[in-house]
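Visitor: Mapped onto the UniProt record's numbering, the consecutive letters of the sequence shown carry residue numbers 1 to 236.
Don't be surprised by glycine CBs; every beta carbon is placed ideally from N, CA and C.
In this text, all values refer to a predicted model and were calculated from it rather than measured experimentally.
Below you will find the structure I want to go over with you.
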Amino acid sequence: MARFGWRFIVLGLVVLAMVTASYQLVMRYLAQQSHELEQRLNAEMEWVLVFSHDLEAGAVIGLDDLQQRKYPPSYISDDWLRPNDAMAVVGNSVQNFVSAGEPVMLGHLGRVRRSSFSDQLAPDDYAVTATVGIEQVHHGLLAVGNRVSLVAGGGGEPLRMLTNIEVLALDNQSKEYVGGALAVTITFRLKAEQAAIFEGFRRQGFALWLQHPEAEYSHVKSPLKPHLFTISKAGS
């Protein structure tokens, strides 16, 4: 009986080993099949451009706001952008809030208006440029940011003036500095009415009077001409 008992124990161990081996073989087969299926699916999936984190409406998109992720072709819409579109996306703004992982679509994007010289103008300002000579730029002493009076007339005609006019640029330089070289053009900040008056100055020629930077200047009246009266003798 003891011998038969040992046989049953040995037989049980053999069966258990075979079951364990079979289980491991089956699991290995399933893992291999799963891996092969994953590889096939991964090969069929396509890269898509997505947002790497949440962005609020109006935010300007940078390169670090983007990443790529794979999707099955059946999931991909025609307006989803691809990784090779990334540099075209950078610099645009998002029109609405977008969440992390959301595919980048054309409908998300709004163009960002690039800053320019005109940004320093108020809505009712004009930048008006005129050609100037050595006297008008005070032989190079005139600087961007100075305020000046523009003067026309004289020589028997009444003076016409535009006072407290800001110099926005000398030639193509709009930074606040005194130019070492002599500028040949000057750009003024003018209101619409002032710009219309200045066009008359431009045709006739104008002088440029440099003002104190913190003072408000008013129009200078032309000096009165002396009038000579001839008194004739009575009877003559």
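For R189 versus I165, is the C-beta spacing smaller than 8 Å?
Guide: Their beta carbons are under 8 Å apart, which means R189 touches I165 by this criterion.
Visitor: Does DSSP put Y23 in a helix, in a strand, or in coil?
Guide: Three-state DSSP puts Y23 in a helix.
Visitor: Starting from R189, follow the beta strand (DSSP E) in both directions and report where the run begins and ends.
Guide: Its beta strand (DSSP E) spans residues T185 to K191.
Visitor: Which two residues bound the contiguous beta strand (DSSP E) that contains A88?
Guide: Segment A86 to V89 is the alpha helix (DSSP H) holding A88; no beta strand (DSSP E) there.
Visitor: For S236, which residues of its own chain have a beta-carbon under 8 Å away from its beta-carbon, when the five flanking residues on both sides are left out?
Guide: Its pLDDT being 48, under 50, S236 is placed unreliably in this model, and the coordinates cannot settle the point.
Visitor: Would you check if the distance between the CB atom of A86 and the CB atom of D54 is smaller than 8 Å?
Guide: No; because the gap between Cβ atoms is not below 8 Å, this pair is not in contact.
Visitor: With DSSP run on the structure shown, which of helix, strand or coil describes residue 249?
Guide: The structure shown does not extend to residue 249, since the chain is modelled only from 1 through 236, so no value can be given for it.
Visitor: Quick one: any contact between the region 157-172 and the region 94-111, if contact means 3 or more CB pairs under 8 Å?
Guide: Verdict: no, contact absent.
Visitor: If you measure between the beta carbons of V60 and P103, is that distance less than 8 Å?
Guide: No. Outside cutoff.
Visitor: Under DSSP, the beta strand (DSSP E) around Q68 begins and ends at which residues?
Guide: Per DSSP, Q68 belongs to the beta strand (DSSP E) from L66 to Y71.
Visitor: Taking V184 as the reference, which of R82, Q136, W80 and A127 has the closest Cα?
Guide: Checking every option, the nearest Cα to that of V184 belongs to Q136.
Visitor: Near L159, what residues of its chain come up, given a Cβ to Cβ distance below 7 Å and the 5 sequence neighbours on each side ignored?
Guide: Once the five neighbours on either side are set aside, the close Cβ partners of L159 are V151, G153, V220 and S222.
Visitor: I believe A192 touches D119 by the beta-carbon criterion, under 8 Å. Please report the beta-carbon distance rounded to the nearest angstrom.
Guide: That belief does not hold up - the Cβ atoms of A192 and D119 are roughly 19 Å apart, past 8 Å.
Visitor: Considering only the beta carbon of each residue, do I186 and A130 sit closer than 8 Å?
Guide: A contact, by the Cβ cut-off of 8 Å.
Visitor: Have a look at W209 and R147 and give me their C-alpha separation to the nearest angstrom.
Guide: Approximately 9 Å between the Cα atoms of the pair.
Visitor: So, for E216: in the same chain, excluding its five sequence neighbours on each side, which residues have a beta-carbon less than 7 Å away from its beta-carbon?
Guide: Once the five neighbours on either side are set aside, the close Cβ partners of E216 are N164.
Visitor: To the nearest angstrom, how far is it from the Cα of G140 to the Cα of G133?
Guide: Each residue's Cα considered, the two are about 10 Å apart.
Visitor: Determine the contact status of V48 and Q68, defining contact as a CB-CB distance below 8 Å.
Guide: Yes. Within cutoff.
Visitor: Can you give me the C-alpha to C-alpha distance between R82 and K175, rounded to a whole angstrom?
Guide: Their Cα atoms are separated by approximately 41 Å.
Visitor: Mapping DSSP to helix, strand and coil, what is G153?
Guide: In the structure shown, G153 sits in a strand (DSSP, three-state: E or B).
Visitor: Using only CA atoms, which one of S115, A195 and A17 lies nearest to M161?
Guide: The candidate whose alpha carbon is nearest that of M161 is A195.
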